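Enquirer: Chains as they are written, first to last, in this note's numbering: chain Y, 7 to 163; chain Z, 7 to 163; chain R, 7 to 163. Virtual Cβ for every residue (Gly too), placed ideally from N, Cα, C. Note that the structure is a prediction, hence the values are computed from the model and not measured. Okay, here's the structure, questions in a sec.
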Amino acid sequence: MDEATLYFRIDRLFADYCACLDEDELERWPELFTADGDYRMISRENHDAGHPIPLLWLAGRGMMADRIYSLRNANIYAANRYRHAQSAVRVLGEENGEYRVSSSYIVVQTLHDTFSEVYQAGAYYDRLVLDDGQLRFRERLVVYDTARVKTLLAAPV
Amino acid sequence: MDEATLYFRIDRLFADYCACLDEDELERWPELFTADGDYRMISRENHDAGHPIPLLWLAGRGMMADRIYSLRNANIYAANRYRHAQSAVRVLGEENGEYRVSSSYIVVQTLHDTFSEVYQAGAYYDRLVLDDGQLRFRERLVVYDTARVKTLLAAPV
Amino acid sequence: MDEATLYFRIDRLFADYCACLDEDELERWPELFTADGDYRMISRENHDAGHPIPLLWLAGRGMMADRIYSLRNANIYAANRYRHAQSAVRVLGEENGEYRVSSSYIVVQTLHDTFSEVYQAGAYYDRLVLDDGQLRFRERLVVYDTARVKTLLAAPV
C-alpha cells in the first residue's frame with residue numbers, strides 16, 4: 007500500500023471510530039476491531055511507570071459487545087454525548103502487515119442540561135491490520151493524560 | 007468521483023467553512039452554499055424529538071448575507087473568535103448527485119479579555135452538491151449537543 | 007506539486023509538528039524548520055494592531071534547540087501535556103517555491119493531577135518550503151486569540 011493510500015484508509019477508520027462513539031452507534035464499534043482485538047485504557051502515569059493494569063480492558067469482540075449491551079440495558083448513567091478531535095496521526099512502522107500508529111485525541115462531553123466541556127485528552131497507540139480487506143484495530147491502547155478520571159466513564163473513549 | 011477525490015474535496019470545503027468563521031471572513035461564508043442553500047441550527051433534544059423549530063434558520067444566500075451584514079453593522083456584541091475542530095467525517099450516501107455527509111465539531115470561543123473555552127459541540131448533517139464545478143452545501147443542519155446555549159450566539163457555528 | 011499531493015504533505019508536516027509537542031519529542035521539533043527558520047508567538051490584539059513584539063521569538067534552529075535544552079535542564083515548571091487539534095488548513099498562495107498556509111489550532115493542556123482543559127486557541131500563519139526534499143517551516147507565526155496567557159507557557163504551542 008503506498009503512503010497516501012495508507013493514510014487515507016487510516017483516516018477513514020479513525021473517522022468511523024469517532025463516529026461510532028459520537029453518533030451513538032456503539033453497536034458498530036466492535037466491528038472496527040479484529041475478532042480477537044484488544045482495547046485498553048490506562049493513565050499516562052501508570053503507562054510510563056510500566057504498571058500494566060488498565061482502567062478498562064476489553065479483550066475480543068465478545069467482551070466489547072457485552073460492554074455495549076450492558077451500557078444499553080443495565081448501567082444507569084446520565085445521558086451524554088462525546089465529540090472527538092483527532093490529530094498528530096503518524097505511522098510509526100510496519101512489520102508483517104501490522105501497522106503501528108499513534109495519534110492525539112481530545113474528547114468533549116456534553117451532559118444533557120450542562121455546557122459542553124473537555125472530558126479527556128490523551129494518545130491512541132494502535133496496531134492495525136488488513137482483515138478481510140478491511141483495515142481494523144488489532145489493538146487500541148488509550149493513554150489518557152490526567153491522573154484524575156471524571157466520574158462518568160461509561161462508553162469507551 | 008472516486009472515493010479519495012470525494013473526501014479530498016469535502017476536506018477542502020470543510021476547511022474553507024471553518025476558515026471563514028475562524029478567520030473572520032464571514033462575507034465569503036454564503037458562497038459555500040448553493041444560491042438556495044439552507045442553514046439551520048437546532049438542539050439535539052429538539053432534533054431527536056422531531057420538533058423541527060430551529061434556533062437559527064437562514065434560507066438562501068440572501069438571508070445569509072443579511073445575517074452577516076447585520077453582524078457587521080447593527081448587532082452589538084462582545085468581540086470574540088471561534089476556532090473549530092472537525093472529525094468523524096463520513097459520506098453516508100449519494101443520490102442524484104447529492105452527497106449526504108455527517109461529521110462532529112467542537113468550537114472553542116475566546117472573548118478578548120478572557121481565557122479560551124469550549125463554546126459548543128455537536129454534529130453537522132450536510133447535503134452537498136457540485137454546483138458550477140464547486141462542491142457546495144445545499145443544506146447544513148447543525149445539531150448542538152447541549153440543551154443550554156451560551157448567551158453570545160452571534161456568528162453561525 | 008499537484009494540489010492533492012501538496013495538502014497531503016502539509017497534513018504530514020502538521021501531524022508531525024503536533025506529535026513532537028504532544029508526545030514530548032521536543033528534540034525533533036527544530037528539524038521541522040529550515041536552518042534559518044523563524045518561530046514567533048504573538049497575541050491577536052498586538053498582531054492586528056501592528057505591534058510586532060512577540061511573546062516568544064526563536065530565530066533559527068540554534069535558538070530552538072537552546073529553548074528545548076533549557077526546558078529539559080534549567081526551567082522549573084509543573085509536568086504537563088499538550089494535545090493539539092488542527093483545522094481550517096488552507097494554502098493561500100505560492101511564490102518562488104514558498105507556500106503561504108493558514109490554519110486554526112486548539113490546544114488542551116493537562117497538568118498531572120488536574121483535569122484537562124483548553125489552554126489556548128488561535129491561528130498558525132506559515133511559510134513552507136521544500137528543503138532537501140522535505141517540506142519545512144521557513145516561518146511559523148502563532149497568533150493566539152486571547153489577551154490573557156495562562157501562566158504555564160513552557161513548551162512552544
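Which residues in the same chain have their Cβ closer than 7 Å to the Cβ of tyrosine 23/Z, if we skip the five residues on either side of it in sequence?
Expert: The sequence position of residue 23/Z within the second sequence is 17, counting from 1. Leu38.
Enquirer: Determine which residues share a DSSP beta bridge with tyrosine 111/Z and list them.
Expert: Within the second sequence, the letter at position 105 stands for residue 111/Z. According to DSSP, which records beta bridges pairwise, tyrosine 111/Z is partnered with Gln92/Z, Gly128/Z.
Enquirer: Could you spell out the range, first to last residue, of the alpha helix (DSSP H) harbouring alanine 71/R?
Expert: In the third sequence, the residue the question calls residue 71/R occupies position 65. Note, alanine 71/R: alpha helix (DSSP H), 67-79.
Enquirer: Quick one: what does DSSP say tyrosine 98/Y is sitting in, helix, strand or coil?
Expert: Here residue 98/Y refers to the residue found at position 92 when the first sequence is read from its first residue. What sits at residue 98/Y in the sequence shown is leucine, not tyrosine. Residue state, collapsed to three classes: strand.
Enquirer: Thinking C-beta only, is aspartate 44/Y closer than 8 Å to glutamate 123/Y?
Expert: Stepping through the first sequence from its first residue, residue 123/Y is reached at position 117. Stepping through the first sequence from its first residue, residue 44/Y is reached at position 38. Result no, Cβ atoms of glutamate 123/Y and aspartate 44/Y do not sit closer than 8 Å.
Enquirer: Starting from the C-beta of threonine 40/R, find all residues in its chain whose C-beta is less than 6 Å away, skip the five residues before and the five after it, and write them out in chain order.
Expert: Locating residue 40/R in the third sequence gives position 34, counting from the first residue. Closer than 6 Å at the Cβ level, and outside the excluded window around threonine 40/R, lie Asp137, Arg142, Arg144.
Enquirer: Checking the sheet assignment: what are the DSSP bridge partners for arginine 46/Y?
Expert: Mapped onto the first sequence, residue 46/Y falls at position 40. Trp63/Y, Leu147/Y, per the DSSP bridge assignment.
Enquirer: Out of Trp35/R, Ser108/R, Met47/R, Phe20/R, point me to the one whose CA is closest to cysteine 26/Z's CA.
Expert: On the second sequence, position 20 is the one that residue 26/Z refers to. Closest by alpha carbon: Ser108/R.
Enquirer: Consult DSSP for alanine 160/Z and reduce its assignment to one of helix, strand or coil.
Expert: Locating residue 160/Z in the second sequence gives position 154, counting from the first residue. Alanine 160/Z falls in the coil class under three-state DSSP.
Enquirer: Using a threshold of 8 Å, state whether the C-beta atoms of alanine 21/Y and valine 95/Z are closer than that.
Expert: Position 15 of the first sequence, counting from 1, holds the residue named residue 21/Y. Position 89 of the second sequence, counting from 1, holds the residue named residue 95/Z. Yes, the pair counts as a contact, with Cβ atoms nearer than the cut-off.
Enquirer: Taking the straight line between their C-alpha atoms, what separation do you get for threonine 3/Z and valine 114/R?
Expert: Residue 3/Z is absent from the model: chain Z starts at 7 and stops at 163.
Enquirer: Spell out whether any CB of chain Y is found under 8 Å from the CB atom of aspartate 22/R.
Expert: Residue numbering aside, residue 22/R sits at position 16 when the third sequence is read from its first letter. So yes, aspartate 22/R belongs to the interface.
Enquirer: Given a limit of 7 Å on CB to CB distance, which residues of the region 88-106 of chain R reach chain Y?
Expert: Those would be Arg89, His90, Ala91, Gln92, in chain order.
Enquirer: Hey, quick one: how far does the alpha helix (DSSP H) through glutamate 9/Y stretch, first residue to last?
Expert: Here residue 9/Y refers to the residue found at position 3 when the first sequence is read from its first residue. It spans 9-28 - the alpha helix (DSSP H) in which glutamate 9/Y sits, taken as one unbroken run.
Enquirer: Counting only beta-carbon separations shorter than 8 Å, does isoleucine 112/Z have a partner in chain Y?
Expert: Sequence index remark: in the second sequence, residue 112/Z carries index 106 (1-based). Chain Y contact via Cβ: present.
Enquirer: Between the alpha carbons of aspartate 8/R and alanine 160/Y, how many angstroms are there, rounded?
Expert: Stepping through the third sequence from its first residue, residue 8/R is reached at position 2. Stepping through the first sequence from its first residue, residue 160/Y is reached at position 154. The straight-line gap from Cα to Cα measures roughly 45 Å.
Enquirer: Considering only the beta carbon of each residue, do glutamate 33/R and isoleucine 74/R sit closer than 8 Å?
Expert: Along the third sequence, read from residue 1 onward, the residue named residue 33/R stands at position 27. Along the third sequence, read from residue 1 onward, the residue named residue 74/R stands at position 68. In this structure, isoleucine 74/R lies closer than 8 Å to glutamate 33/R by Cβ.
Enquirer: Is any beta-carbon of chain R found at less than 8 Å from that of glutamate 31/Z?
Expert: For the purposes of this step, residue 31/Z is taken as the residue at position 25 of the second sequence. False, the Cβ-Cβ gap to chain R never drops below 8 Å.
Enquirer: Which value, in whole angstroms, describes the spacing of the CA atoms of isoleucine 16/R and phenylalanine 14/Y?
Expert: Taking the first residue of the third sequence as position 1, residue 16/R is located at position 10. Taking the first residue of the first sequence as position 1, residue 14/Y is located at position 8. Near 14 Å, if we compare the C-alpha coordinates of phenylalanine 14/Y and isoleucine 16/R.
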